[in-house]
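Reading through the C-alpha cells given below for one structure.
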Amino acid sequence: MASGTRELIKSSTIISVGVALARVLGFGFSLVLARLLSPDDYGFIQYSLTLAGLVTLLTMPFGQHVLARYVGNVKDQPLELDEFLATAWIILIGLVAVTLVIAVPVLLLAGRLSVGVLVVFLGFTLHYSYFGLARGFMASWRLMAAYLGSNVVQIIAIVIVYVVLGERGPMPALIIYGASYLLPIALLQLMQPFPVRFRFFLPDRAYVRRILKFSAPVWVSHAAYIFYAGIDILLLERFLGTGAVGLYALTKTLTMLLSFVPTGLTTVLLPKVAAGQGASHRGLLRNSILISLMINALVLIVMLVAYRPFILYVFGEAYVAPLAVLVMLAFSEIAFGIQGIMSAVVVGAGQPQLETIMRVVVVGVSVVFGFVFIPTLGLTGAALTSLVGAISGIVTYGLASYWLKKDITHAVVEVR
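Adding 1391 to a residue's 1-based position in the sequence shown gives its number in the numbering used here.
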C-alpha cells in the first residue's frame, strides 16, 4: 500500500472515530429532546437549525474550506501564514457584519427571527473557523477535541435544563446548541494554541481580492449545498408542518451513521491534496471511495435490521418512519459521502469552480423534485428528493471530467 494511502487511512481513522463519538453524543442530544418533546417541538428545533445554516452562507464555508485550503498550503511558511491569517480574520469579521445586516431584517419580516437562530449562527461561525484551522494544520486530535467537547457540553446542559429543571420549550435547546461551541475552543486555544493572532491593519487589496476570488465559487457551492441539505426540511415544514419535520429529521439523523467514514476521509483529503501541488490524486480518490463503500455496506445492514425495534423502544411509535424513507435516506447519505470525497479532492486541487457547478446542478434537481414530490408523497417524497440530489452530484463530476477531457484531481500549482 502506498505511503500516501497509509497516511490517509491513519489520519482519517482518527477523524472517523472522533466523528462517530461526536455523532453518538449528538444523537444523545436528539434522543433526550425527542423523548421529552413532542414531534412538533422537536421539528421546530430541526427547522430552526436549518434556518441557522442558511444564515451562515458566507461565514461557514470561509472557515471550513477557505481557511483550510490556504492554511494547508502555507502552514510551513511562517511569514505567508501570518499574512494570510491576519487578512482572513478581518475578512471574517466583515462577513459576520454583512450577514447580520442582511439576515436580521429578512428573518424579522418572515416571522422567523429568534435569539436561538442567531446564537446558532455565531456558534457555527466559531466552530467552522476553528475546524478550518485544524484541517489546514492537519491537527486531527484538536479538531476532534473541539467536536467532541461541544457535544459533551450540549448533553450536560440539556440534561440539566430539560431533565433536572423540567423545561419543555424548544428555545433553550437552540441556545444551548449554539453556545456549546465556545467553551471547548477557548480551552483548546489556552492549552494548545494554534500559531495565530489577530491584529488590526490595512490588508493588501490585491491579496484580499485574490482570497475573495477563490472564495466566490466556494460560497456559491456552499449556498447550493445548504439549500440541497435543507430543502427537504424547509418544504416539509411548508406543506406538512413541524410534526412531519420531527419524524423525518430523527430518521435522517440516524442515517448520518453512514457519514462517519467519508467525513473522516474528506477532512484529511482537502489539505493533503492542497499540499501536493502539481500532482495527480486519482489514486487517493479511488481508494477513499472504496474504503467508504466497504465500511458503509456493513453499517447499512446493521441499520436496516435494528431501525424499527430501536425506534419503538427508545422513542415510540410516533417516530417510526416508513421503510422506504429509511432506505432512500441511507443510500442518499452513502452517495453524499462519495460526493463529499470527490469535492474535497477537487477543491484541494484548486478547482473549486467544478464543485460550484456540481452544487448548482444538485440544488436545481433537488428543488424540482422537492416541489413536485413532497406535497404529494410527503416523507417519501422528501427522501426521494435527497437521494436524487446526492446521485446527481456524483454524475455531474463524472460528466465534467469527460467533457473537460482532463484529470480533475490534478492539483494546480499556485503562484502568488
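Glycine residues also receive a C-beta, built at the ideal position from the N, C-alpha and C atoms.
Please determine, among Gly1731, Val1664, Leu1626, the residue with the shortest C-alpha to C-alpha distance to glycine 1761.
Counted from its first residue, the sequence shown places residue 1761 at position 370. Ranking Gly1731, Val1664, Leu1626 by Cα distance to glycine 1761 puts Leu1626 first.
Alpha carbons only, please: which of Tyr1639, Val1758, Gly1741 is nearest the one belonging to threonine 1771?
Taking the sequence shown and counting its residues from 1, the one referred to as residue 1771 is at position 380. When Tyr1639, Val1758, Gly1741 are compared, the shortest CA-CA separation from threonine 1771 is found for Tyr1639.
Beta carbon of serine 1505, beta carbon of serine 1541: below 8 Å?
Taking the first residue of the sequence shown as 1, we reach residue 1505 at position 114. Taking the first residue of the sequence shown as 1, we reach residue 1541 at position 150. Contact flag unset, no.
With the cut-off set at 8 Å, would you say alanine 1536 and proline 1586 are in Cβ contact?
Counting from one through the sequence shown, the residue named residue 1536 turns up at place 145. Counting from one through the sequence shown, the residue named residue 1586 turns up at place 195. With contacts defined as CB atoms closer than 8 Å, alanine 1536 and proline 1586 fail to qualify as a contacting pair.
Rounding to the nearest angstrom, what Cα-Cα distance links proline 1452 and proline 1766 in this structure?
Position 61 of the sequence shown, counted from the first residue, corresponds to residue 1452. Position 375 of the sequence shown, counted from the first residue, corresponds to residue 1766. The alpha-carbon atoms of proline 1452 and proline 1766 are separated by roughly 31 Å.
Is DSSP giving proline 1584 helix, strand or coil here?
Looking up residue 1584 in the sequence shown gives position 193. For proline 1584, the secondary structure class from DSSP, reduced to helix, strand or coil, is coil.
Could you check what DSSP says for tyrosine 1466 in three-state terms: helix, strand or coil?
For the purposes of this step, residue 1466 is identified with residue 75 of the sequence shown, where counting begins at 1. The question names tyrosine, but residue 1466 is lysine in the sequence shown. Reduced to three states, the DSSP call for lysine 1466 is coil.
Cα-Cα separation, valine 1806 to leucine 1648
One-based indexing of the sequence shown puts residue 1806 at position 415. One-based indexing of the sequence shown puts residue 1648 at position 257. With a pLDDT of only 36 at valine 1806, under the threshold of 50, the placement of this residue in the model should not be trusted; the figure read from the coordinates follows. The alpha-carbon atoms of valine 1806 and leucine 1648 are separated by roughly 40 Å.
What is the rounded straight-line gap between the Cα of asparagine 1687 and the Cα of isoleucine 1725?
Translated into positions along the sequence shown, residue 1687 becomes position 296. Translated into positions along the sequence shown, residue 1725 becomes position 334. Distance between asparagine 1687 and isoleucine 1725, taken at the CA atoms: about 7 Å.
Considering only C-alpha positions, which residue in the set Phe1764, Ala1525, Ile1546 is nearest to leucine 1565?
As a first step, residue 1565 must be located in the sequence shown, where it is residue number 174. With distances taken between Cα atoms, leucine 1565 lies closest to Ile1546.
Is the Cβ-Cβ distance between threonine 1657 and glycine 1731 less than 8 Å?
For the purposes of this step, residue 1657 is taken as residue 266 along the sequence shown, with counting starting at 1. For the purposes of this step, residue 1731 is taken as residue 340 along the sequence shown, with counting starting at 1. Against a cut-off of 8 Å, the Cβ pair of glycine 1731 and threonine 1657 comes out as a contact.
If I measure Cβ to Cβ from isoleucine 1617 and keep anything under 7 Å in the same chain, skipping five residues before and after, which residues do I get?
Residue numbering aside, residue 1617 sits at position 226 when the sequence shown is read from its first letter. Taking C-beta separations shorter than 7 Å and ignoring five residues to either side along the sequence, the partners of isoleucine 1617 in its chain run Gly1444, Leu1445, Leu1448, following chain order.
Once you ignore the five residues that flank leucine 1486 on each side, which residues in its own chain have a CB closer than 7 Å to its CB?
Along the sequence shown, read from residue 1 onward, the residue named residue 1486 stands at position 95. Cβ neighbours of leucine 1486 beyond the five flanking positions: Leu1449, Thr1450, Phe1453.
Should leucine 1500 go down as buried or exposed, given a rule of 16 or more other Cβ atoms within 10 Å for buried?
As a position in the sequence shown, residue 1500 is number 109, starting the count at 1. With fewer than 16 other beta carbons inside 10 angstroms of its own, leucine 1500 counts as exposed.
So what's aspartate 1432 in DSSP terms, helix, strand or just coil?
Residue 1432 sits at position 41 when you count from the first residue of the sequence shown. Helix.
Does the segment 1745-1758 come into contact with the segment 1695-1704, if we say contact requires no fewer than three beta-carbon pairs (one atom in each stretch) closer than 8 Å?
Fewer than three beta-carbon pairs drawn from the segment 1745-1758 and the segment 1695-1704 are found closer than 8 Å, and the two stretches are therefore not classed as touching.
Using the C-alpha atoms, what's the distance from valine 1465 back to alanine 1548?
As a first step, residue 1548 is located in the sequence shown; it is residue number 157 there, counting from the start. As a first step, residue 1465 is located in the sequence shown; it is residue number 74 there, counting from the start. Each residue's alpha carbon lies about 39 Å from the other.
Just the C-alpha distance for leucine 1476 and arginine 1588, rounded to the nearest angstrom, thanks.
Residue numbering aside, residue 1476 sits at position 85 when the sequence shown is read from its first letter. Residue numbering aside, residue 1588 sits at position 197 when the sequence shown is read from its first letter. Looking at the two C-alpha atoms, the distance is approximately 8 Å.
Where tyrosine 1572 falls: helix, strand or coil (DSSP)
Mapped onto the sequence shown, residue 1572 falls at position 181. It is coil, neither helix nor strand.
Can you tell which of Arg1699, Leu1714, Val1716, Ala1715 has its C-alpha closest to the C-alpha of glutamate 1708?
In the sequence shown, the residue the question calls residue 1708 occupies position 317. When each option's Cα is compared against that of glutamate 1708, the closest is Arg1699.
Output the boundary residues of the alpha helix (DSSP H) element that contains phenylalanine 1701.
Within the sequence shown, residue 1701 is the residue found at index 310, counting from 1. Counting along the chain, the alpha helix (DSSP H) containing phenylalanine 1701 begins and ends at 1673-1705.
Are there 16 or more other CB atoms within 10 angstroms of the CB of glycine 1669, so buried, or fewer, so exposed?
Within the sequence shown, the letter at position 278 stands for residue 1669. Because glycine 1669 sits at a pLDDT of 49, beneath the cut-off of 50, its placement in the model cannot be relied upon, and the following sentence gives the value as read from the coordinates. Exposed.
Three-state class that DSSP yields for valine 1711 in the structure shown
Indexing the sequence shown from 1 puts residue 1711 at position 320. Valine 1711 carries a coil assignment under DSSP once its states are collapsed to helix, strand and coil.
For isoleucine 1436 and serine 1421, I'd like the C-alpha separation in whole angstroms.
Here residue 1436 refers to the residue found at position 45 of the sequence shown. Here residue 1421 refers to the residue found at position 30 of the sequence shown. If I take the Cα positions, the gap works out to 10 Å.
For isoleucine 1624, I'd like the list of residues in its chain whose CB is within less than 7 Å of its CB, leaving aside the five on either flank, ordered along the chain.
To locate residue 1624, count along the sequence shown from 1; it is residue 233. Sequence-distant Cβ neighbours of isoleucine 1624 in its own chain, meaning closer than 7 Å and more than five residues away, are Gln1437, Tyr1438, Thr1441, Val1636, Ala1640.
Taking 8 Å as the threshold (C-beta atoms), are histidine 1456 and valine 1738 in contact?
In the sequence shown, counting from the first residue as 1, residue 1738 sits at position 347. In the sequence shown, counting from the first residue as 1, residue 1456 sits at position 65. Yes.
Which value, in whole angstroms, describes the spacing of the CA atoms of proline 1608 and valine 1599?
By one-based count along the sequence shown, residue 1608 stands at place 217. By one-based count along the sequence shown, residue 1599 stands at place 208. Straight across, the Cα-Cα distance linking proline 1608 with valine 1599 is about 15 Å.
So, for methionine 1719: in the same chain, excluding its five sequence neighbours on each side, which residues have a beta-carbon less than 8 Å away from its beta-carbon?
Stepping through the sequence shown from its first residue, residue 1719 is reached at position 328. Non-local C-beta neighbours of methionine 1719 in its own chain, meaning closer than 8 Å and more than five positions away in sequence, comprise Thr1771, Ala1774, Leu1775, Ser1777, Leu1778, ordered along the chain.
Under a Cβ-count criterion, where at least 16 other Cβ atoms within 10 Å of its own Cβ denotes burial, should glycine 1582 be classed as buried or exposed?
What you label residue 1582 is simply residue 191 of the sequence shown in a count that begins at 1. It is methionine, not glycine, that sits at residue 1582 in the sequence shown. Under this definition methionine 1582 is an exposed residue.
What would DSSP say about phenylalanine 1591, mapped onto helix, strand or coil?
To locate residue 1591, count along the sequence shown from 1; it is residue 200. Of the three classes helix, strand and coil, the one that applies to phenylalanine 1591 here is coil, per DSSP.
Three-state class that DSSP yields for glutamate 1724 in the structure shown
Taking the first residue of the sequence shown as position 1, residue 1724 is located at position 333. In the structure shown, glutamate 1724 sits in a helix (DSSP, three-state: H, G or I).
By the 10 Å Cβ neighbour count, where 16 or more other Cβ atoms means buried, how is methionine 1685 classified, buried or exposed?
As a working mapping, residue 1685 is identified with position 294 in the sequence shown. That one is exposed.
Secondary structure at threonine 1633, three-state DSSP: helix, strand or coil?
By one-based count along the sequence shown, residue 1633 stands at place 242. Three-state result, threonine 1633: helix.
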